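J.: Dumping the structure here so I can ask a few things about it.
Numbering (UniProt numbering), first residue to last: 1 to 149.
Now the structure itself:
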């Protein structure tokens, strides 16, 4: 198993607690590969959030694979009791902080215009049944850690 030139399984295991079909990653041509991660901007960065940011920077730098960090401001708004104005402030702060750390990839929030357009188009074809029959790749990790009710 490898991500680009990184094939040391212990490094990969220490960087990811969950993934989807990582063993097939290098079967995809490099120009089509994407490293995507994200988090919610609910407060100052915690150790977990910092580790996500630093891992993204590490993989971008070490692999040259196109990378994206999504700051889930609307997800945080829907799941936490935090004012949108505060989330906007925190999102802007995170974007500046991540750029200062050297991240060069795509950095966006959930209210990114292109994402909202794609969501609108997708909503025309997705059904409630689609959501009921599928689950987030991290759901087993969340269940194991007791994070789901």
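Each residue gets a CB set at the ideal place from its N, CA and C atoms; glycine is no exception.
Since we're looking at a predicted model, the values are computed, not measured.
Using CA coordinates, which residue listed in 70, 35 and 46 is at the minimum distance from residue 112?
T.: Nearest option by C-alpha distance: 70.
J.: With DSSP as the reference, label residue 123 as helix, strand or coil.
T.: Here residue 123 sits in coil by DSSP.
J.: Hey, is the region 61-78 in contact with the region 32-43, meaning 3+ C-beta pairs nearer than 8 Å?
T.: Yes, they touch.
J.: Could you compute how far the alpha carbon of residue 60 sits from the alpha carbon of residue 54?
T.: For residue 60 and residue 54, the distance between alpha carbons rounds to 10 Å.
J.: Tell me where the alpha helix (DSSP H) around residue 67 begins and ends.
T.: Per DSSP, residue 67 belongs to no alpha helix (DSSP H); it is in the beta strand (DSSP E), 67-71.
J.: Please name the residue, chosen from 132, 63, 80 and 102, that lies closest to residue 25 on a Cα-to-Cα basis.
T.: Nearest of 132, 63, 80 and 102 to residue 25, Cα basis: 63.
J.: Assign residue 122 to buried or exposed, taking buried as 16 or more other Cβ atoms, counted over all protein chains shown, within 10 Å of its Cβ.
T.: By the neighbour-count rule (16 or more Cβ atoms within 10 Å), residue 122 is not buried but exposed.
J.: If distances are taken between C-alpha atoms only, which option among 98, 110 and 131 comes closest to residue 58?
T.: Nearest C-alpha to residue 58: 98.
J.: With DSSP as the reference, identify every bridge partner of residue 106, one or two as the case may be.
T.: Per DSSP, 68.
J.: Note the first and the last residue of the continuous alpha helix (DSSP H) segment covering residue 49.
T.: Counting along the chain, the alpha helix (DSSP H) containing residue 49 begins and ends at 47-63.
J.: Closest by CA to residue 103, which one among 52, 145 and 83?
T.: Of the candidates 52, 145 and 83, the one whose C-alpha sits nearest the C-alpha of residue 103 is 52.
J.: Between residue 157 and residue 50, what straight-line distance do the alpha-carbon atoms span, to the nearest angstrom?
T.: One cannot answer for residue 157 here, as it falls past the ends of the chain, which runs 1 to 149.
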